[in-house]
Amino acid sequence: YSVYPAGILVDPVTGRRIVNEWADRRTRSDAIFETGHICVGIVDADGAKIAAESLEHSLNRGYVKAFPTLSELSKAYNMPSGELESTLRKYNHAINAGQPDTFGKPLANGAKPVTTPPFYAIRLWPKVHYTPGGLGINKKAQVIDLRRRPIPHLFAAGEVCGGIHGASRLGSCALTECIVFGRIAGQQAAATHI
Numbered sequence: 001y002s003v004y005p006a007g008i009l010v011d012p013v014t015g016r017r018i019v020n021e022w023a024d025r026r027t028r029s030d031a032i033f034e035t036g037h038i039c040v041g042i043v044d045a046d047g048a049k050i051a052a053e054s055l056e057h058s059l060n061r062g063y064v065k066a067f068p069t070l071s072e073l074s075k076a077y078n079m080p081s082g083e084l085e086s087t088l089r090k091y092n093h094a095i096n097a098g099q100p101d102t103f104g105k106p107l108a109n110g111a112k113p114v115t116t117p118p119f120y121a122i123r124l125w126p127k128v129h130y131t132p133g134g135l136g137i138n139k140k141a142q143v144i145d146l147r148r149r150p151i152p153h154l155f156a157a158g159e160v161c162g163g164i165h166g167a168s169r170l171g172s173c174a175l176t177e178c179i180v181f182g183r184i185a186g187q188q189a190a191a192t193h194i
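For the sequence shown, the numbering used here gives the first residue as 1, with consecutive numbering after it.
Pasting the structure below:
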């Protein structure tokens, strides 16, 4: 969804932004958790073009909703309308003036004001889709013990492996550990005689 690069993430109780939308998943998730409730991502018609291929599907499924005005969007999410409009005014002013963003979002990297109706909104709440951590392995995909010694005849690949990404990861990067370490583990296991 295009809210992170092209829109804003708002606490519906306050109508204010809560985080740099370009921050990593962990930072964005922590900001939402701090509010204690679901937040709302907002993007305008221009920003929605980033995800045009999935927008229609998301609208049809009800994940994303379209609103002709910010006032209607605010009303739908029980958001203080004046605060949302003030938040967007400040955000848009920073972009237009080339000023630093309150949350450190790099506005110089092609950020555009959120001004063009319709406005699209989506409820956002962090979810588990990957678990960092797991079995330690070496470069031969051998599972290692607590002293970092290989455990004989035990190989691992994919999301069971730990220590590859740290506390946060970029989307789709788990594919690499599955493919690369899957191949290595397969080759090593095939070459091992039990």
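In this text, a Cβ means the ideal position worked out from N, Cα and C, and glycines have one as well.
Nearest to residue i (by Cα), restricted to the options the options
i	options	result
Arg-17	Glu-83, Gly-47 and Gly-98	Glu-83
Lys-127	Gly-15, Arg-26, His-57 and Thr-14	Arg-26
Glu-72	Phe-181, Thr-176 and Tyr-120	Tyr-120
Glu-85	Thr-115, Lys-65 and Phe-181	Thr-115
Neighbourhood of residue i by C-beta distance below 8 Å, restricted to the same chain and skipping five residues each side
i	result
Leu-124	Val-3, Leu-9, Ile-32, Ile-38, Cys-39, Val-40 and Gly-41
Gln-188	Lys-140, Ala-141, Gln-142 and Phe-155
Pro-117	Asp-44, Ala-45, Phe-67, Pro-68 and Thr-69
Pro-150	Asn-138, Lys-140, Gln-142, Val-143 and Ile-144
Glu-34	Ile-18
Buried or exposed by the 16-neighbour rule on C-beta atoms within 10 Å, applied to residue i
i	result
Pro-100	exposed
Ile-137	buried
Tyr-63	exposed
Ile-122	buried
Arg-28	buried
Gly-15	buried
Glu-56	exposed
Glu-53	exposed
Leu-107	buried
Leu-88	buried
Glu-177	buried
Ala-76	exposed
Sequence-distant residues of its chain with Cβ nearer than 7 Å to residue i (five each side left out)
i	result
Asn-78	Pro-12
Leu-135	Val-143, Ala-156, Val-160, Cys-161 and Gly-162
Thr-192	His-153
Pro-113	Asn-92, Ile-95 and Asn-96
Phe-103	Arg-17, Val-19 and Asn-20
Arg-61	none
Gly-186	none
Residues near residue i in its chain [Cβ-Cβ closer than 6 Å; skip 5 each side]
i	result
Ala-6	Val-43, Gly-47 and Ile-50
Trp-22	Lys-105
Ile-184	Ala-141
Gly-133	Gly-162
Ala-111	Ile-95
Of all the alpha helix (DSSP H) runs that stay within the bounds of the segment 112-193, which reach a length of 4 or more residues?
-> Correct list: 174-191.
In chain order, which continuous runs of the alpha helix (DSSP H) of length 4 or greater are located wholly inside the segment 35-115?
-> Within the segment 35-115, the alpha helix (DSSP H) runs of at least 4 residues that lie entirely inside it are, in chain order, 45-48, 52-61, 70-76 and 81-97.
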